[in-house]
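Student:
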Amino acid sequence: MSDNQATHLRQYHAPVWDEPVVMQLGYPGRRGQVFPQPARAAVEKVGTASCLIPKGLARTNAPALPEMSEPEVQRHYLHLCQETLGMLNISLFGTCTMKYNARVSEAIAQRPFVTDVHPLQPDDSMQGILQAIHEFDLGLRALSGMDQFIFQAGGGADAAYTNCVVTRAYHKSRGELKRRNEIITSIQAHPCNAATAAAAGFKVVTLNLEEDGYPSIEALKAAISERTAALFINNPDDMGIYNPDIKEWVRLVHEAGGLCFYDHANFNGVMGKIRARELGFDACMFMLHKTFGAPKGGGGPAVGAYGCSAELAPFLPKPVVVKDDKGYRLDYGRKKSAGKIREFFGNVPQVLKAYAWLLVMGRDGIDEASDISVLANNYMDHKLAKIRGLTRSNPQVTKHRLEMTRWSLGTLKTDTGCGTVEVSNRMADYGVDPWWMSHEPWIVPEPFTPEAGEMYSKEDLDYWMAVVARISEEAYATPELVKSAPHNQVIAQIKSDALNDPAKWAVTWRAYLRKHGDGSKSGSKPHAAE
Amino acid sequence: MRESIGHPWMGNSLPALKQQMLAEIGAGSIDALFEQIPADHRLRQPLDLPLGIKSESALRRHLTDMLARNESADTNLTFLGAGCWPHHVPAVVDEIVGRTEFLTPVWGSAQSDFGRNQAWFEYASQLGELLNMEVVGLPVYSWGCAIGHALRMAARLTGRREIVIADMFDPERLSVVENYCEPTDMPNHIKIRRVKGDPKSGLIDIDDLKGKVSSKTAAVYFESPSYLGLFETNAAEIGRIARQHGAETIVGVDPLTLGIVRPPADFGADIVVGPTQPLGVHMNCGGGVGGFMASRDEERYVREYNGFLVSITETQRPGQFGFGLASAHQTSYGMRENGKDWTGNSVYLWAIANAVYMSLLGPQGFREIGELIVTQSHYAARRLAEIPGIAIRYPGGFFKEFVVDFSGTGKSVAVINKKLRKRRIFGGKDLTPEGMKQCALYCVTEVHSTEDIERLASVIEQAVKP
């Protein structure tokens, strides 16, 4: 690939601190925090703590926690930070829409007017945050056409679960819940749609994909019945393919008495272009830690913003933030509410960061961001197609894909033995975050699913693709180099045989010590503290 | 004009770059790339949103003006708890969880995100020491969610569909748990049976418990400290009754108690759950909550976890260790609707906050904070009880929360709280709607000084005067 010569690949190496496990650090008696002694007046009145603990409950053996000074603790965790590549370079982690997480939003969210607010404070003492939530709700309504949003769900999967409890409450109110016990979804929908439906007590009916990249309308018709509670579907799916029949799908499900839920995990390519309500959907979900620029935290705190039609709104988990002539308030008095799916009203700092994102982007920025996402993905499509061993999913679909495309390394694997896991491990040697492969099940062999988004520059995308091209060359020339990767990372490939063996797995230090000894005897164990 | 302004958050917002990419694709316009979407699906009118403000300084001004209208534990004295508590968050914790390496990534790999995985393992390892348990999963969304998953775990383990919990239960958590137990219309509905509280002690009535636990019981769940703050002194007896009937014993515990009291495992708990927010996470308007789950290292439990278990393991390089997910295929990522409940993004950044917090405190810190809290809270209770008309419902044996009964004052909790509010104090949670008329749940922790308690008492003295 000619561009590859033009792109300088970095001589990268991850920091290696050889950092012990924290349980091996410290010195008896050392400490990182000191609390005041109870006041004399208090002790005089009530006695010492030992008199206040009921008989037989007092702890006699101190917990075997590390004993460290404050700077030791700080240094240890800073070393672990540095031993984390995260998204410090270019992370095209498809389906998760990597965005810039603005530091200004962090700075604001870390101030006491957010961090030190208690969720049970009187409404009039948290007008600022309630206003931010309400105005953000209005913004999401503008983007979706829905009538009310809530933010209680702690992630995308939790929003899918929210949808399950709303679906239950809706059908129960109509006396149909016993009969309507099936959720229809597609094999390409995120696993959480099927999993939350099952955990909420529904039977799951999964549609397979046809050649065009989405299930056929005939398959949907065959699945629909008087037992249908709802359809859970994403569009476009992770192949970047848009189902043009989606309006008819919604009509058919509605005709049978079911609800339609739009999983907007892949909103980035269509934001500002379509609206869920206008396509007929009853409810939808946005991931604020993905599409709306809130940080991911390596797996939360996240927010699945759940919005629905006025017809479904009475069933929403409570409370809901509302505005009336007195100001903003948390409305708990909702008789038909499905109750709660998590305590309080959501990961508020993340909602605030998403609101900040919405303000900075505005209608012009959002429209431009989806333009750029789709443009960048198609740019990558054209260039990746030139790399040996890569093939695009659903090659017969010739129309331009939306914000991401699923690719396959099936050819590379057959030719060289290097598949998506091996290549992904090797990517990290060039300072590139290992890519996302695919949710289960893998529909194409050896999948990967890059999503460019709007943050990364063309130069970034060129670098990323140059790395893929280099690794393809390496796979054909020196496959062992790729298979044994990473070589420039914090550690070598982990051995996974212990991870599924009850005699060997150790998810705490105390389990490790019991199963594998004290760690000081063998060279293949974490080193003991000096 | 606008087109020529590069957007600060979008590297490709320059027309020249867009043209270069279009040229590579061979497309005439960006709009042509949206050819998959039928015309009648497309939005016809511009979004009903303002134009982007782009400027960081303008954004900061706008948001800080709005948020300055909030009051908080920084501006007011607060005695609210009930599932989210005012505790001290060490500055080092804030530094570490604010680091971009931990704050922004999505997943990575065992090799490239080694440091974060180690921090997760250290979360589980340190909590395991406090709990005296060998298996600690990565946290779930909240304490209520942890209870829900643990109850469903017990239902799967025993094949039974009834659980027994206390009558006095946090309504926030209860509502979450009820959803996890599914409505009666669902085939796998789990029936919730409630055990009476002893009116004198506020603890579980053992005789009533004996009548409610049976061969149908999947699990008995109780908390220590309970919703009303009380240490459960009959933990061993409750566990014995559960075991007699083949039920699992699940216990909820505040980890901040564990420097001074024995962990539930010592009294026979099978699964232990609890809140993670007290371990170094700000209240965040309720967005600081998280829930832990722990058990013995027995395969029957490990194979039922819905979330992730981070195990230490070897690498291909002799002498080196790394971390991977133990028994991972059982999650919904691997098995969709056949997985154990479901998992997804949770509160994993807070697990790192918890790890840093536990390292900072160590065994001495946990003992000190426990002693301080239990002393200050009893002092506060005793001080308030000196006010005419005020009684403490359960005057001893609590940790940081206690029930203040105002009914003898002739004033309602609502009125008293309004008066406190005028003096910049958030009074305790009003329990009147929960059936405890004119009672409030007060929370006193290490952040409350004796002067704070005196200030509260003197304002209440004024407020209850006839």
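Residue numbers (this note's numbering), protein chains in the order written: chain U, 1 to 530; chain A, 1001 to 1466.
Beta carbons: idealized from backbone N, C-alpha and C, even for Gly.
Quick caveat, the model's predicted, so the values are computed rather than measured.
Can you check which of these residues, U:Ile224, U:Gly240, U:Asp245, is closest to Glu255 of chain U by C-alpha distance?
Tutor: Ranking U:Ile224, U:Gly240, U:Asp245 by Cα distance to Glu255 of chain U puts U:Ile224 first.
Student: According to the neighbour-count rule (16 or more other Cβ atoms, all chains shown, within 10 Å of its Cβ), is Gly269 of chain U buried or exposed?
Tutor: When all chains shown are included, Gly269 of chain U counts as buried.
Student: Put Ala529 of chain U into one of helix, strand or coil per three-state DSSP.
Tutor: Model confidence at Ala529 of chain U stands at a pLDDT of 37, short of 50, so the residue's coordinates are unreliable; what they give is reported in the following sentence. Three-state DSSP puts Ala529 of chain U in coil, outside helix and strand.
Student: Helix, strand or coil: which one does DSSP assign to Gly1011 of chain A?
Tutor: If DSSP states are grouped into helix, strand and coil, Gly1011 of chain A belongs with coil.
Student: I'd like the ranges of any alpha helix (DSSP H) spanning at least 4 consecutive residues and lying wholly in the region 1181 to 1253 of chain A.
Tutor: Listed in chain order, the complete alpha helix (DSSP H) runs (minimum 4 residues) inside the region 1181 to 1253 of chain A are 1206 to 1212, 1235 to 1244.
Student: With DSSP as the reference, label Ser309 of chain U as helix, strand or coil.
Tutor: Coil at Ser309 of chain U, not helix or strand.
Student: Taking the continuous beta strand (DSSP E) assigned at Ser1295 of chain A, which residues delimit it?
Tutor: Taken as a continuous stretch (DSSP letters only), the beta strand (DSSP E) holding Ser1295 of chain A covers 1291 to 1295.
Student: List, from N- to C-terminal side, the alpha helix (DSSP H) runs of 4 residues or more that fit wholly inside the region 140 to 221 of chain U.
Tutor: DSSP runs (the alpha helix (DSSP H)) wholly in the region 140 to 221 of chain U: 156 to 173, 191 to 199.
Student: DSSP on Lys521 of chain U, reduced to helix/strand/coil?
Tutor: Low per-residue confidence applies at Lys521 of chain U: pLDDT is 39, beneath 50, and the placement is therefore not dependable, though the value from the model is reported in the following sentence. Three-state result, Lys521 of chain U: coil.
Student: Going by C-alpha to C-alpha distance, which of U:His516, U:Phe448, U:Gln493 sits closest to Asp238 of chain U?
Tutor: Of the candidates U:His516, U:Phe448, U:Gln493, the one whose C-alpha sits nearest the C-alpha of Asp238 of chain U is U:Phe448.
Student: Which residues in chain D sit within 9 Å of His1087 of chain A, going by Cβ to Cβ distance?
Tutor: In the structure shown, chain D cannot be found, because the protein chains are U and A.
Student: Met427 of chain U by DSSP, collapsed to three states: which one?
Tutor: If DSSP states are grouped into helix, strand and coil, Met427 of chain U belongs with the helices.
Student: Is Ser125 of chain U helix, strand or coil when you go by DSSP?
Tutor: Ser125 of chain U falls in the helix class under three-state DSSP.
Student: Do Phe1402 of chain A and Ile1416 of chain A count as a contact pair if the criterion is CB distance below 8 Å?
Tutor: Against a cut-off of 8 Å, the Cβ pair of Phe1402 of chain A and Ile1416 of chain A comes out as no contact.
Student: Would Val1374 of chain A pass as a contact of Ala49 of chain U if the rule is Cβ separation under 8 Å?
Tutor: Yes, Cβ-Cβ distance for Val1374 of chain A and Ala49 of chain U is below 8 Å.
Student: Return yes when the Cβ of His1149 of chain A is within less than 8 Å of the Cβ of Asp1270 of chain A, no when it is not.
Tutor: Their beta carbons are not under 8 Å apart, which means Asp1270 of chain A does not touch His1149 of chain A by this criterion.
Student: When the Cα atoms are used, what is the spatial distance from Lys1018 of chain A to Gly1006 of chain A?
Tutor: Going from the Cα of Lys1018 of chain A to the Cα of Gly1006 of chain A covers about 12 Å.
Student: Helix or strand or just coil, what does DSSP make of Asp433 of chain U?
Tutor: Asp433 of chain U falls in the coil class under three-state DSSP.
Student: Do Asn377 of chain U and Ala265 of chain U count as a contact pair if the criterion is CB distance below 8 Å?
Tutor: Contact: no.
Student: Since Gln148 of chain U meets chain A, which of its residues come closer than 7 Å, beta carbon to beta carbon?
Tutor: None at all; the shortest Cβ gap to chain A is about 16 Å.
Student: Please say whether Gln1376 of chain A and His1448 of chain A have beta carbons closer to each other than 8 Å?
Tutor: Yes, they are a contact pair.
Student: Relative to the C-alpha of Gly1081 of chain A, which residue among A:Asp1254, A:Trp1350, A:Lys1422 is closest?
Tutor: Measuring from the Cα of Gly1081 of chain A, the nearest candidate turns out to be A:Asp1254.
Student: Spatial neighbours of Gln1118 of chain A within its chain, please: C-beta separation below 7 Å, excluding the five flanking residues on both sides.
Tutor: Closer than 7 Å at Cβ, skipping near neighbours: Phe1323.
Student: Since Met285 of chain U is in the beta strand (DSSP E), which residue starts that stretch and which ends it?
Tutor: Its beta strand (DSSP E) spans residues 283 to 287.
Student: Quick check: the Cα distance between Ala14 of chain U and Pro122 of chain U, rounded to an integer number of angstroms?
Tutor: Their backbone Cα atoms lie some 49 Å apart in a straight line.
Student: At which residue ranges does the region 1350 to 1425 of chain A contain complete alpha helix (DSSP H) runs of 4 or more residues, listed in the order of the chain?
Tutor: Complete alpha helix (DSSP H) runs here, min 4: 1413 to 1422.
Student: Please decide whether Leu1151 of chain A counts as near chain U, where near means a Cβ-Cβ distance under 8 Å.
Tutor: Not one chain U Cβ lies under 8 Å of Leu1151 of chain A.
Student: Would you call the CB atoms of Ala1380 of chain A and Tyr1305 of chain A closer than 8 Å?
Tutor: Their beta carbons are not under 8 Å apart, which means Ala1380 of chain A does not touch Tyr1305 of chain A by this criterion.
Student: For chain A, find out if any of its Cβ atoms is closer than 8 Å to the Cβ of Gly272 of chain U; answer yes or no.
Tutor: Taking Cβ atoms only, chain A reaches closer than 8 Å to Gly272 of chain U, which makes this a yes.
Student: Suppose you measure from the CA of Lys495 of chain U to the CA of Gly1344 of chain A; what does that come to, to the nearest Å?
Tutor: Lys495 of chain U and Gly1344 of chain A: Cα-Cα distance of roughly 25 Å.
Student: Within 10 angstroms of its Cβ, does Tyr332 of chain U collect 16 or more other Cβ (buried), or is it exposed?
Tutor: It counts as exposed.
Student: Which residue comes first and which comes last in the beta strand (DSSP E) that contains Asn234 of chain U?
Tutor: 228 to 234 is the span of the beta strand (DSSP E), which, as asked, contains Asn234 of chain U.
Student: Consider the Cβ of Met1010 of chain A: report whether some Cβ of chain U lies at a distance smaller than 8 Å.
Tutor: It does: the Cβ of Met1010 of chain A has a partner Cβ on chain U nearer than 8 Å.
Student: Using a Cβ-Cβ cutoff of less than 8 Å, which residues in the same chain neighbour Glu83 of chain U once the five nearest sequence positions on both sides are dropped?
Tutor: So the list reads Ala14, Pro15, Val16, Trp17, Glu19, Val490, once near-sequence residues are dropped.
Student: Give the C-beta separation of Val482 of chain U and Glu422 of chain U to the nearest angstrom, bearing in mind that I take them to be a contact with Cβ-Cβ under 8 Å.
Tutor: Indeed, because the Cβ distance is near 5 Å, the residues count as touching under 8 Å.
Student: For the region 1361 to 1394 of chain A, which residues have a beta carbon sitting closer than 8 Å to at least one beta carbon of chain U?
Tutor: Within the region 1361 to 1394 of chain A, the qualifying residues are Leu1361, Gly1362, Pro1363, Gln1364, Gly1365, Phe1366, Arg1367, Glu1368, Ile1369, Gly1370, Glu1371, Leu1372, Val1374, Thr1375, Gln1376, His1378, Tyr1379, Arg1382, Arg1383.
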